[in-house]
Amino acid sequence: MMPQMLCCLLLGWAWLVTGAVGCGLCVEAGEGAQSSFTCTGTVDRKVHYSVEVSDEELRLSCSDVVDVDFSLMNGCDFSSVTHVQFLGCPLPTVSYQEVLQKIGVQSGNLISLTASVVAKKGVLTQQHLQGLKELQLLHLAGIHAVANNSFTQTAKLEIIEICNGTLNDLPPYLFHNLTKLETVMLHRNDIVELPPELFSSTPGLLAIHLQENNISSLQEGLFKGLTFLKTLNISKNKIEKLSSGIFSDTSAMETLDLSRNLISEIEANTFVNTMVLKRLNLGYNQLRALPPGTLEACHSLEWLKLNNNNLTHAGLFNAFPEVPSLIYLDLGHNDITIEDMYIFALNNQNKVKHLLLNNNNISVMPDALNFAFINLETLDLSWNVFKYLEFSALIFLTESIKLNLKHNKIKTLDFRWSSLSVEKKLNLALEGNQLGCDCENYGFLRVLQGKPYPLLNDTLHIEVEDIDEVFCQFSDGAMENLMDVTTEDLTCQLAIDDICSFAWRFHDSMLIIDCSYLNLTSVQSLNFTAYQDDEQDFTLILANNSLTSLDSLQNYSSLRNLSMAYNKLSSLNVSHIPPHLKALDVRGNNLTTLPFAVLSHLNTTDMSLKLGSNPWHCDCDLLDLFRFLHVPSRKVSDFTQLQCAEDGEALMNLNENDLCPFFLQPMVIVTIVAILIFLILFAVLGTVSFYKYKQGIKVWLYAHHMCLWAITEDELDADKKYDAFISYSHKDEEFVMKVLVPGLECGEPRYRVCLHYRDWVPGEYIQNQIMQSVEASRRTIVVLSSNFIESVWGQLEFRAAHSQALQDRTNRIIVIVYGKIPSENDLDEKLKLYITTKTYVRWGDNKFWEKLRYIMPHPPDLVQKKHRKRRDTDKLELCKSTSKQEVC
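This is how it looks when you write it as structure tokens:
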């Protein structure tokens, strides 16, 4: 029994100790197709390396670069592995064949070996690769040197990569027996010179990578016999010259990278036998010119980089392929200067799609780019010296093009002589230029902003990809984003020898004469006789002077806009106003009122006005101006800025009684007494005549707006068809139809009501119907609610009724507040003024109907009917209180 128990204990202990072990002393931490192991020593338990195995690949990463004990994996079996990587491990002192056996990999099956050496002092010898006869790919990083016979036993190698080391010397016959070698990568080392015999026994090479070394020259015969070579990369070295014939045997080469060297000279026949070459990179060298015929034989060359050299325009003539083949060409960062649009070194390369000419000294657009390059899609002209580009320079044969003009000195993109019959799309980059906000850029800005520009008829569509960073500058130095510029105001200064400045506004062909800030005291000192009877419209700016009158300006029939802001005008004379003036600015003067004659003249015109910042006297003399301002059709743009000189009160907040309190003025009382005495005397003499000619007198008085107090409202409204026109929002229709209309039409007295849906003529203009309804009604009832405030037509109806009330000088508007009184911020200025100064009726008031009928019109027939009803009621009461039947 005891032996059996002891056996069980030993087995249990063995299970505990070995249950988590994958192989050897490596603990397995993964499952399934991919496994990982951590291999540690037996004494100090120090981690030596970790192993990852996936399918046919094993990756071993070392942590102790001094001494790696591969015996920790004794007993492991990775016989299916064909690809092995040693990462961060030192070059072994024994062959890789022995190392592979210790870690359980069969060296005879190995196809790919990668060794990333950390110390960078290892020397690869024949011993290291002994027995790896099936090896096809070898990647070595961190190697210091390679022995001459290192590859004698690896005849099947196809790819060799030795990189990131201190390798600076190569044996001449390093690849002597590698007949199957296709790719050699010796990049990022310290190689200074390549033996001319290095590739002599590898005619099947397809690719050579020698970038990032210190190679200063290419020995004659280095690439001899490499007739299958397709890719050659010798970039980032120190090569100074390309000798004739160096590539004479590489007739199959398609890609050649010679960038970032010190090449300053290319002999004429260097590329004579590279007819299938497609990609050539000569960027970042020191070339000043390409000899004529340099690339003439490269009939298949599609991709060429010559950027970051010292090339000039003259040094490029006759250097490119004889047959047009280039699709991508980079000539950026050179010293190319093009000043004649008809002379261009690339005239024959008209198949180019992507052309980079950035960072040069180009000032004109080569004509061939616009009229010969049939496939051009991208053109980079950034960081050049363009100042002016005409419309034709931005139009290319392709339907759509991306044009980079960043960081030039462009002031004008002139579309004034533009014409286009087919649709084109232009994508621009314009950041870092000096565009002017003037009329020369008017057409460009109109098209950019999507505004009508008749010369192009919507055929050109422009998009500026960096629009948020593109600004133009006004003559006063102010900057504005292109999309925010008001194109209608753009002008160009005209060079005219005068004390005033002259400018031209392209949008409306307006001449603008600016005579501001000249301390002028009289307009007569200015001579504009050329514009007195001329057909040329002009604008005159006389702001910030010391003028006291508009005298002599009435002679300029072509003057359309006049600015007299901030002068010393104390009054306006109607005879001095130019006959065809459309806009007048008299802000900041000494005006206290405007004469009735001036207002009458303004009533006959459509002139826009600016009247702010004047010391207006808010008294009876301002009544005519006050009424003028309250007509909706007036164009006084700064009406809200008009203030009383006495207390700074805004004129829009006042009413007529505030301006002229009738009975509180002593002179008014004296005048009233005198008028009463006169009227008494006049009444005695005129009573008989008045009654005899009553109708004719009233007609004459009404026609001449005199003694309107003598004309009753009934007579003014005798021809009105309706007692009231109801203005309301359609959202309040239920209240109007079920409550308000029945109460007016079926109550006592009964009123005739005008309604939209019932009384308007279908098909007629709404504006006309509004005016007709207001004029045909004795009252306009406004159902004021939050819905009404949002109604555009409701606002229009109110303004029409308000205008009619001012014209008739009687209260024709009845406001019914339905619901909560809307906030003053939401009300129209005139409606707010009306609410604050007039009486309104609120729905829900106990005496709503009594108040409403009181302020409704009282025609004589309704009044008589009311009297008859009262008399009948009194008679009925008398019948009930007495027994005299004859009374009843």
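When the letters of the sequence shown are read in order and numbered with mature numbering (1 follows the signal peptide of the UniProt record, and there is no 0), they come out as residues -19 to -1, 1 to 869. Using N, Cα and C, we set each Cβ at its ideal position, and we do this for glycine too.
Secondary structure at I140: strand, using DSSP grouped into helix, strand and coil. The segment 730 to 743 makes no contact with the segment 763 to 773; the number of CB pairs closer than 8 Å stays below 3. Excluding residues up to 5 positions away in sequence, A249, N299, A300 lie with their Cβ nearer than 8 Å to the Cβ of G274 in the same chain. Nearest Cα to L138 within the set L151, L155, C144: L155. Looking at L521, D489, W364, the one whose alpha-carbon comes closest to that of E412 is W364. The continuous stretches of beta strand (DSSP E) do not include K712, and DSSP gives it neither H nor E. By the criterion of a C-beta distance shorter than 6 Å, N315 is surrounded in its chain by N290, L292, N341, once the five residues flanking it on both sides are discounted. Residue state for Y738 is assigned as helix, using DSSP reduced to three classes.
When the alpha-carbon of L562 is set against those of L580, L540, I124, T574, the nearest one is in L540.
In this structure, I795 sits near I762, with a CB-CB distance shorter than 8 Å.
Shown here, W824 sits in coil according to DSSP, grouped into three states, outside any helix or strand. Per DSSP, L640 lies in no beta strand (DSSP E) segment; the continuous alpha helix (DSSP H) that holds it begins and ends at 637 to 640. Under the three-state reduction of DSSP output, H314 falls in the coil class, being neither helix nor strand.
For the pair N195 and I319, the Cα-to-Cα distance works out to about 36 Å. Rounded to the nearest whole angstrom, the CA to CA distance from R260 to E469 is 51 Å.
In this structure, DSSP gives M166 an extended state, which the three-state scheme calls strand. Sixteen is the threshold: when 16 or more other Cβ atoms of the shown chains lie within 10 Å of the Cβ of M588, as they do, the residue is buried. Here L6 has C20, T21, T23, L53 as same chain residues with Cβ atoms under 7 Å from its own Cβ, once five neighbours each way along the sequence are excluded. When beta bridges are read from the DSSP output, L285 appears opposite L261, L310. For A782, the number of other beta carbons within 10 angstroms of its own is at least 16, and it is reported as buried. Within 10 angstroms of the beta-carbon of K286 lie 16 or more other beta-carbons, which makes it buried. Distance from the CA of S88 to the CA of S42, rounded to the nearest whole angstrom, comes to 19 Å. In this structure, the beta-carbon distance from L565 to L606 does not fall below 8 Å. Taking 8 Å as the upper bound for CB-CB distance, L203 and L175 are in contact here, some 6 Å apart. Judged by DSSP secondary structure, N385 falls within the beta strand (DSSP E) whose first and last residues are 381 to 385.
With contact defined as three or more Cβ pairs closer than 8 Å, the segment 89 to 108 and the segment 120 to 137 are in contact.
Straight-line measurement puts the Cα of F228 at about 20 Å from the Cα of P153.
The beta carbon of S281 sits closer than 7 Å to those of M256, V257, L258, K259, S306, all from its chain and outside the five residues before and after it, given in chain order.
Bounds of any beta strand (DSSP E) do not take in K832; it lies within the alpha helix (DSSP H) bounded by 829 to 836. Our two residues, E201 and Q107, have alpha carbons roughly 29 Å apart in a direct line.
In the DSSP secondary-structure assignment, R760 is bridged to A705. No residue range can be given for A128, since it is assigned to no alpha helix (DSSP H) and is classified by DSSP as neither H nor E.
Taken through DSSP and simplified to helix, strand or coil, Y369 comes out as strand. For W824, the closest alpha carbon among the candidates N806, G800, L276 is that of G800. Cβ neighbours of D518 within its own chain (closer than 6 Å, five residues either side excluded): M491, S539, R541. Take Q192, set aside five residues on each side of it, and the residues of its chain with a beta-carbon closer than 6 Å to its own are H168, N214, S216, K217, in chain order.
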